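Colleague: Dumping the structure here so I can ask a few things about it.
Residue numbers (my numbering): 510 to 924.
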């Protein structure tokens, strides 16, 4: 049996852990640069605040209804997510982290499924403060469907099997995992309006409309397990790190700082997977939505003779690339990098006459930085190229403290 554990209103729930007074009050969390609402408490949803609504459109509504507004605190949310997964690992060794707030679990059917689900919910809430819902089914698609229904009722837990026709038919076709609005509109033309209709439709018709992916979804609704628990995800082929600036940037120096930060973050990701990059892409662009301002975008790609995960080498290369594509007189909106064609570090081959002594010395330095950051937080050590003031950083005017990852921001207890 497969279980999907989903954290309820995850970003909002993380904020409430450290601000219990916000329970049962409207709360929203904003996207990068405080652009739009990407997480809403149930109370905020009841006020009519929709997912993705631009903040400037609801600012007055929030003020009138005393809605608490937070900027995205990714450091906090990532750490809380890891804590939730750690708790779930106490119940089974089959855990697939699907997203920051969702995990698939393999559960032995010899267990009392509802009992173990309630125990998981209780343990996660007790040890992390995060409320979760649990949906169970013989396939991932049915578990996902069960979870969606469990959030609204059924005490946060629900089992859905392929022969639970009444339950399956209650799910509109747009709400089925992997079926979006575009596919749903095509399916409705052939009389498929809910999940049960999809399960019972001729497979030839389904394949014509959505290919093998939609046919796989149909098989899963019928109880055939097409997607197994993936405990060891395949290493990524490419890693992209980019972010919009908090305000328009004209300075080459600030763009170089931003690019250096993106490279450093990208290197952290590939080092965790023990990978190295065969190439690097850097890009800069103005804001395409500001149609009254001059527009410019450009990128450059470079390959390496030997795959690398050295941040100093990659930062130096990225800065040279940015200098070659930068043009004065533009207000830049975004910059980013992509580490290309990643390969396992253990399999890379060096050049015959390549000098490795300096490389080994640099990597010892990098490992020392990583040790410091792991012990004292991500802001405790960084490369000078990443800058100090970082005026280009995205706006997070409403960010809460990084309570669990920064020593300077840990919660204080007073009388």
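Using N, Cα and C, we set each Cβ at its ideal position, and we do this for glycine too. Since the model is a prediction, treat every value here as computed from it, not as a measurement.
Could you pull the start and end residues of the beta strand (DSSP E) that residue 800 belongs to?
Modeller: Here residue 800 refers to the residue found at position 291 of the chain shown. Per DSSP, residue 800 belongs to no beta strand (DSSP E) and is neither H nor E.
Colleague: Could you give the distance in angstroms between the alpha-carbon of residue 623 and the alpha-carbon of residue 874?
Modeller: Indexing the chain shown from 1 puts residue 623 at position 114. Indexing the chain shown from 1 puts residue 874 at position 365. The straight-line gap from Cα to Cα measures roughly 50 Å.
Colleague: Unbroken alpha helix (DSSP H) runs of length 4 or more, entirely within the region 589-636: which are they?
Modeller: Counting only runs of 4 or more, we get nothing.
Colleague: Would you be able to state if there are at least three C-beta pairs under 8 Å between the region 731-751 and the region 845-852?
Modeller: The region 845-852 vs the region 731-751: in contact.
Colleague: What are the start and end residues of the beta strand (DSSP E) that includes residue 757?
Modeller: Mapped onto the chain shown, residue 757 falls at position 248. 748-758 is the extent of the beta strand (DSSP E) around residue 757.
Colleague: Taking Cβ positions, are residue 677 and residue 710 nearer each other than 9 Å?
Modeller: As a first step, residue 677 is located in the chain shown; it is residue number 168 there, counting from the start. As a first step, residue 710 is located in the chain shown; it is residue number 201 there, counting from the start. No; because the gap between Cβ atoms is not below 9 Å, this pair is not in contact.
Colleague: Residue 875 by DSSP, collapsed to three states: which one?
Modeller: Your numbering for residue 875 matches position 366 in the chain shown. Of the three classes helix, strand and coil, the one that applies to residue 875 here is helix, per DSSP.
Colleague: Could you name the residues that DSSP lists as bridge partners for residue 515?
Modeller: As a working mapping, residue 515 is identified with position 6 in the chain shown. According to DSSP, residue 515 bridges with 611, 642.
Colleague: Less than 9 Å between the C-beta atoms of residue 647 and residue 522, yes or no?
Modeller: Here residue 647 refers to the residue found at position 138 when the chain shown is read from its first residue. Here residue 522 refers to the residue found at position 13 when the chain shown is read from its first residue. No, Cβ-Cβ distance for residue 647 and residue 522 is not below 9 Å.
Colleague: In chain order, what residues of the same chain have a beta carbon less than 8 Å from the beta carbon of residue 915, not counting five sequence neighbours either side?
Modeller: Numbered from its first residue, the chain shown carries residue 915 at position 406. Excluding residues within five positions, the ones whose Cβ falls inside 8 Å are 584, 886, 887, 888.
Colleague: Please list the terminal residues of the continuous beta strand (DSSP E) segment that includes residue 553.
Modeller: Within the chain shown, residue 553 is the residue found at index 44, counting from 1. Element bounds for residue 553: not the beta strand (DSSP E) but the alpha helix (DSSP H), 551-555.
Colleague: How would you label residue 567, buried or exposed, when you count the other beta carbons within 10 angstroms and need 16 or more for buried?
Modeller: In the chain shown, residue 567 corresponds to position 58, counting from 1. When all chains shown are included, residue 567 counts as buried.
Colleague: Looking at residue 827 and residue 855, is the spacing between their C-beta atoms short of 9 Å?
Modeller: Counting from one through the chain shown, the residue named residue 855 turns up at place 346. Counting from one through the chain shown, the residue named residue 827 turns up at place 318. Their beta carbons are not under 9 Å apart, which means residue 855 does not touch residue 827 by this criterion.
Colleague: For the region 769-782 and the region 906-920, state whether three or more C-beta atom pairs, one from each stretch, are separated by less than 8 Å.
Modeller: Flag = no, the region 769-782 and the region 906-920 do not touch.
Colleague: Starting from residue 703, follow its DSSP beta bridges and name the residues at the other end.
Modeller: Position 194 of the chain shown, counted from the first residue, corresponds to residue 703. Bridge partners of residue 703: 681.
Colleague: Provide the residue span of the alpha helix (DSSP H) that contains residue 464, from first to last.
Modeller: Shown here, the chain extends from 510 to 924; a query on residue 464 therefore has no answer.
Colleague: Which class does residue 920 belong to by DSSP, given the choice of helix, strand or coil?
Modeller: For the purposes of this step, residue 920 is identified with residue 411 of the chain shown, where counting begins at 1. DSSP places residue 920 in coil when its eight states are reduced to three.
Colleague: Buried or exposed for residue 913, please, with buried defined as at least 16 other CB atoms from any protein chain shown within 10 angstroms of its CB.
Modeller: Here residue 913 is taken as the residue at index 404 of the chain shown, counted from 1. Classification for residue 913: buried.
Colleague: Hey, residue 921 and residue 524 are a contact pair by Cβ (cut 8 Å); roughly how many whole angstroms apart?
Modeller: Start at 1 with the first residue of the chain shown, and residue 921 comes out as number 412. Start at 1 with the first residue of the chain shown, and residue 524 comes out as number 15. 17 Å between Cβ atoms; not a contact.
Colleague: What residues in its chain sit with their C-beta under 6 Å from that of residue 744, if we drop five residues either side in the sequence?
Modeller: Along the chain shown, read from residue 1 onward, the residue named residue 744 stands at position 235. Excluding sequence neighbours, residue 744 sits near 782, 784.
Colleague: If you follow the alpha helix (DSSP H) that residue 571 is part of, which residue opens it and which one closes it?
Modeller: Walking along the chain shown from the start, residue 571 turns up at place 62. That run of the alpha helix (DSSP H) goes 564-573.
Colleague: Taking 8 Å as the threshold, find out whether the region 805-815 comes into contact with the region 830-844 through three or more Cβ pairs.
Modeller: Touching, per the Cβ criterion.
Colleague: Please identify the residue among 756, 548, 621 whose C-alpha is closest to the C-alpha of residue 799.
Modeller: By one-based count along the chain shown, residue 799 stands at place 290. Nearest of 756, 548, 621 to residue 799, Cα basis: 756.
Colleague: Measure the C-alpha to C-alpha separation of residue 705 and residue 803 and round it to an integer number of angstroms.
Modeller: For the purposes of this step, residue 705 is taken as residue 196 along the chain shown, with counting starting at 1. For the purposes of this step, residue 803 is taken as residue 294 along the chain shown, with counting starting at 1. Cα to Cα, residue 705 sits roughly 52 Å from residue 803.
Colleague: Count the CB pairs spanning the region 720-735 and the region 678-689 that are closer than 8 Å, and state whether there are at least three.
Modeller: Result yes; three or more Cβ-Cβ pairs closer than 8 Å.
Colleague: Using DSSP's beta-bridge definition, name the partner residues of residue 847.
Modeller: As a first step, residue 847 is located in the chain shown; it is residue number 338 there, counting from the start. Answer is 749, 790.
Colleague: Measuring CB to CB, does residue 911 end up less than 9 Å from residue 541?
Modeller: Against the chain shown, residue 911 aligns to sequence position 402. Against the chain shown, residue 541 aligns to sequence position 32. In this structure, residue 541 does not lie closer than 9 Å to residue 911 by Cβ.
Colleague: With distances taken from CA atoms, which of 651, 703, 511, 570 is nearest residue 615?
Modeller: If you number the chain shown from 1, residue 615 lands on position 106. Among 651, 703, 511, 570, the Cα nearest to that of residue 615 is on 511.
Colleague: Give every residue of the same chain whose Cβ lies closer than 6 Å to the Cβ of residue 632, excluding the five residues on either side of it in the sequence, and list them in chain order.
Modeller: To locate residue 632, count along the chain shown from 1; it is residue 123. These residues qualify, in order along the chain: 596.
Colleague: Would you identify the three-state DSSP class for residue 891, choosing helix, strand or coil?
Modeller: On the chain shown, residue 891 is found 382 positions in, with the first residue counted as 1. DSSP places residue 891 in coil when its eight states are reduced to three.
Colleague: With distance defined between alpha-carbon atoms, name the residue in 884, 738, 787 nearest to residue 606.
Modeller: One-based indexing of the chain shown puts residue 606 at position 97. Of the candidates 884, 738, 787, the one whose C-alpha sits nearest the C-alpha of residue 606 is 738.
Colleague: Within this structure, are the beta carbons of residue 643 and residue 666 separated by less than 9 Å?
Modeller: Position 134 of the chain shown, counted from the first residue, corresponds to residue 643. Position 157 of the chain shown, counted from the first residue, corresponds to residue 666. Taking 9 Å as the Cβ cut-off, residue 643 and residue 666 qualify as a contacting pair.
Colleague: Is it buried or exposed for residue 520, if we count other Cβ within 10 angstroms and need 16 for buried?
Modeller: For the purposes of this step, residue 520 is taken as the residue at position 11 of the chain shown. Buried is the call here.
Colleague: Considering just the uninterrupted stretch of the beta strand (DSSP E) at residue 762, what are its terminal residues?
Modeller: Position 253 of the chain shown holds residue 762. Taken as a continuous stretch (DSSP letters only), residue 762 belongs to no beta strand (DSSP E), being part of the alpha helix (DSSP H) at 761-781.
Colleague: Measure how close the beta-carbons of residue 882 and residue 890 come, nearest whole angstrom, since I'm counting them as under 8 Å.
Modeller: In the chain shown, counting from the first residue as 1, residue 882 sits at position 373. In the chain shown, counting from the first residue as 1, residue 890 sits at position 381. Confirmed, Cβ separation roughly 5 Å.
Colleague: Shortest alpha-carbon distance to residue 675 belongs to which of 598, 703, 683?
Modeller: Sequence index remark: in the chain shown, residue 675 carries index 166 (1-based). Closest option to residue 675, Cα to Cα, is 703.
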